[in-house]
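Only one structure is covered here, and it is reproduced in the block below.
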Amino acid sequence: MSSPSTAEVSSPAVVVLGSANMDLVIRQTRAARPGETVFGKSFGSGAGGKGLNQAVAAARAGASVGLLAAVGDDDFGVRLRTFLAEQDVDTRGVSVVTEATGVASITVTDDGENSIVVVAGANAASELSEEDRAAIARATYLVVQLERPIRLVEEALKVARAHGVATVLTPAPVVEGVRDLIELCDILIANEIEAVSLAATDDPHVAAQILSREAGRVVVTLGARGALLAQDGVIAREIRAVAVDVVDTTGAGDTFAGVLVAMLAEGRDFGDAMDAATRAGALAVTREGAAASMPLRAEFDGAPAPIQTDR
Ligand code: RIB
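Heads up: the sequence shown begins at 5 in the numbering used here, then just goes up one per residue.
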């Protein structure tokens, strides 16, 4: 049988424009102080990058997903492409460029908390190809974060807006100029630190309310405390996470974002989507790694339900 032409290949409903990194992870008892040397307990490497992670989370939740990313022509790039090929993510938008594949140096301490330093490398590629634009225009949701150049992200959001595609931004890391992107977002998903920094307040509830006057809906994730949803300047919903034994928090926010969008793309309402995203995020922190820790649909469907309160 002949292979289908490009026109016949179905177009992903969820398109993620974002980073793909090789995560280099050291587990250690506690964080080193400036100038101090400490022993780590283990070292490992695996697929990461907020874009790749969110694409994998959405695909494992059952969405049809395409990733627009760039990797280097090097061993890390080969490993990332091999990993993605096993994840049911459409990788036609993953280009190979001359810069080295992006890397993230990650330390995870005994309490599961992580700190991350990213070297962008290939993620700094700043062109949207005609194929990228067409994939965005045909999608139902465009999902972006900020480990790619901000002007590229802005351009992608504008293409989506011009074609009636719903836009989702995770403002991580918080970079200069991000406030200008918020009005281009139907959904903003920020963690507590990002939300308070963007809204210049120290209360995540207030931050969610402020930001929701600019974006359509704002979700602020609160780690072990759950998440909240704000719309039109008011808190619309709060969700309390189920307690779990935390092993590694790396990628938990990406799991939440990917699963939330996958559920919305499936036609579920926002409350159901937040419920599924919270269950999936809770499972992800019980496992090591970023993309590797993301649960399959059957796993989070069967996980304990968080408690939601409508406001
Ligand atoms: O959000 C977690 C991710 O942040 C890691 O996988 C790392 O690559 C950085 O992008």
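Beta carbons are placed, not taken as given, at the ideal position from N, Cα and C, and that holds for glycine.
- Annotated as proximal: Val20 and Leu71, with beta-carbon spacing under 8 Å.
- Annotation: the continuous alpha helix (DSSP H) that includes Gly55 extends over 54-64.
- Taking 7 Å as the cut-off, the C-beta of Ser23 counts as close to a heavy atom of the ligand RIB.
- At least one heavy atom of the ligand RIB lies closer than 7 Å to the C-beta of Glu151.
- Counting C-beta atoms within 10 angstroms of its own C-beta, Ser297 has 16 or more neighbours from the protein chains shown and is therefore classed as buried.
- Relative to Val121, the option among Val222, Gly44, Asn25 whose CA is nearest is Asn25.
- A distance of 8 Å or more separates the beta carbons of Pro16 and Val98.
- Around the C-beta of Ile311, fewer than 16 other C-beta atoms lie within 10 Å, and the residue is accordingly described as exposed.
- Within the DSSP secondary-structure output, Ala231 pairs in a beta bridge with Thr225, Ile243.
- Distances between the C-beta of Asp27 and the heavy atoms of the ligand RIB include at least one below 7 Å.
- When only Cα atoms are considered, Lys54 and Gly255 end up about 7 Å apart.
- Take Asp92, set aside five residues on each side of it, and the residues of its chain with a beta-carbon closer than 6 Å to its own are Ala63, in chain order.
- A distance below 6 Å between beta-carbons, with the five flanking residues on each side excluded, links Phe80 to the following residues of its chain, in chain order: Met26, Thr105.
- A check of alpha carbon separations from Pro208 across Gly237, Ala129, Val182, Val42 identifies Gly237 as the nearest.
- In this structure, Asn57 places its C-beta atom within 8 Å of the C-beta atom of Ala295.
- Rounded to whole angstroms, the Cβ separation of Leu161 and Thr171 is 5 Å, and the two are in contact under 8 Å.
- For Arg155, the three-state secondary structure derived from DSSP is helix.
- In this structure, Gly52 has its CB closer than 7 Å to one or more heavy atoms of the ligand RIB.
- For Thr205, the three-state secondary structure derived from DSSP is coil.
- Here Arg165 carries a helix assignment [DSSP, helix/strand/coil].
- With respect to the 8 Å criterion, Pro299 and Ala288 are classified as neighbours on the basis of their beta carbons.
- Sixteen is the threshold: when 16 or more other Cβ atoms of the shown chains lie within 10 Å of the Cβ of Phe260, as they do, the residue is buried.
- In its chain, beyond the 5 residues on either side, Leu264, Met267, Leu268 have a beta carbon closer than 7 Å to the beta carbon of Ala277.
- In the three-state DSSP reduction, Arg183 falls in the helix class (H, G or I).
- Taking all protein chains shown into account, Glu198 has 16 or more neighbouring C-beta atoms within 10 Å of its C-beta and is therefore buried.
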